[in-house]
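Below is one structure, written out as structure tokens, with a few remarks after it.
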Amino acid sequence: MKSAVVTDDGDRFSVALFPIEVPACDSLAAADTHILFSAPKTAGEYPLKLDITDLNGSQTITFVTGPGQNVIASEGILNVESVSAEKVTIGLLAEAEENTINGRFTTTICKTTN
2 MKSAVVTDDG DRFSVALFPI EVPACDSLAA ADTHILFSAP KTAGEYPLKL DITDLNGSQT
62 ITFVTGPGQN VIASEGILNV ESVSAEKVTI GLLAEAEENT INGRFTTTIC KTTN
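Here's what the structure looks like:
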């Protein structure tokens with residue numbers, strides 16, 4: 002992934018990872034393939050899991066593999082390494098079907114404009 006857009010959505014961060022360069026905080030960025038997930042705003046390790054009886058306790062990532070095609074990863078680890086007022090560092094290790102990600106990034110936290 003070449004670019005990350007992280008938006009402060011109140012209780013959590015909304016994260017989009019792109020295989021192309023996108024401008025910082027571009028909430029309209031698009032690519033045929035990308036990765037989407039939300040992340041807690043508190044540093045820590047969060048195992049990926051999907052529990053249909055506890056959706057609030059679930060943590061997944063979505064591999065967007067093409068227009069209208071998604072693969073949900075529910076096994077792996079999300080590591081929110083550090084959070085400041087302006088930047089966040091996140092590590093991610095996940096695999097689902099033929100899709101994998103293993104890496105970390107630091108980027109600016111974008112504010113929502115309501």
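With this note's numbering, letter number 55 in the sequence shown gets 56, and the count goes up by one each step, no holes. By construction, the Cβ of each residue, glycine as well, lies at the ideal position given by its N, Cα and C atoms.
Whole angstroms are fine: how far does the CA of T113 sit from the CA of R105? To locate residue 105, count along the sequence shown from 1; it is residue 104. To locate residue 113, count along the sequence shown from 1; it is residue 112. Distance between the alpha carbons of R105 and T113: 23 angstroms.
Taking just the CA atoms, how far does D33 sit from G69? The count along the sequence shown starts at 1 and reaches residue 69 at position 68. The count along the sequence shown starts at 1 and reaches residue 33 at position 32. Just so you know, the alpha carbons of G69 and D33 end up roughly 9 angstroms apart.
Note down the Cα distance separating A30 from T66, rounded to an integer number of angstroms. On the sequence shown, residue 30 is found 29 positions in, with the first residue counted as 1. On the sequence shown, residue 66 is found 65 positions in, with the first residue counted as 1. In this structure, the alpha-carbon of A30 lies about 16 angstroms from that of T66.
Helix, strand or coil for L51? Go by DSSP, reduced to three states. Taking the first residue of the sequence shown as 1, we reach residue 51 at position 50. Coil, per DSSP.
Taking the alpha carbon of N71 as the point to measure from, which residue in E99, G58 and A25 has its own alpha carbon closest? By 1-based counting over the sequence shown, the position of residue 71 is 70. Ranking E99, G58 and A25 by Cα distance to N71 puts E99 first.
Let's see if you can read the secondary structure: which residues bound the beta strand (DSSP E) around S95? Here residue 95 corresponds to residue number 94 of the sequence shown, with the count starting at 1. What sits at residue 95 in the sequence shown is Ala, not Ser. Here the beta strand (DSSP E) through A95 covers K88 to A97.
If you count every other CB in all the chains shown that lies within 10 Å of the CB of A95, and 16 or more means buried, which is it? The residue you call residue 95 lines up with position 94 of the sequence shown. Buried, because 16 or more other Cβ atoms sit within 10 Å of the Cβ of A95.
Let me know the secondary structure DSSP gives L79 once reduced to three states. Taking the first residue of the sequence shown as position 1, residue 79 is located at position 78. DSSP places L79 in strand when its eight states are reduced to three.
In the DSSP assignment, find the beta strand (DSSP E) that holds L37 and state where it starts and stops. Within the sequence shown, the letter at position 36 stands for residue 37. Segment H35 to P41, the beta strand (DSSP E) holding L37.
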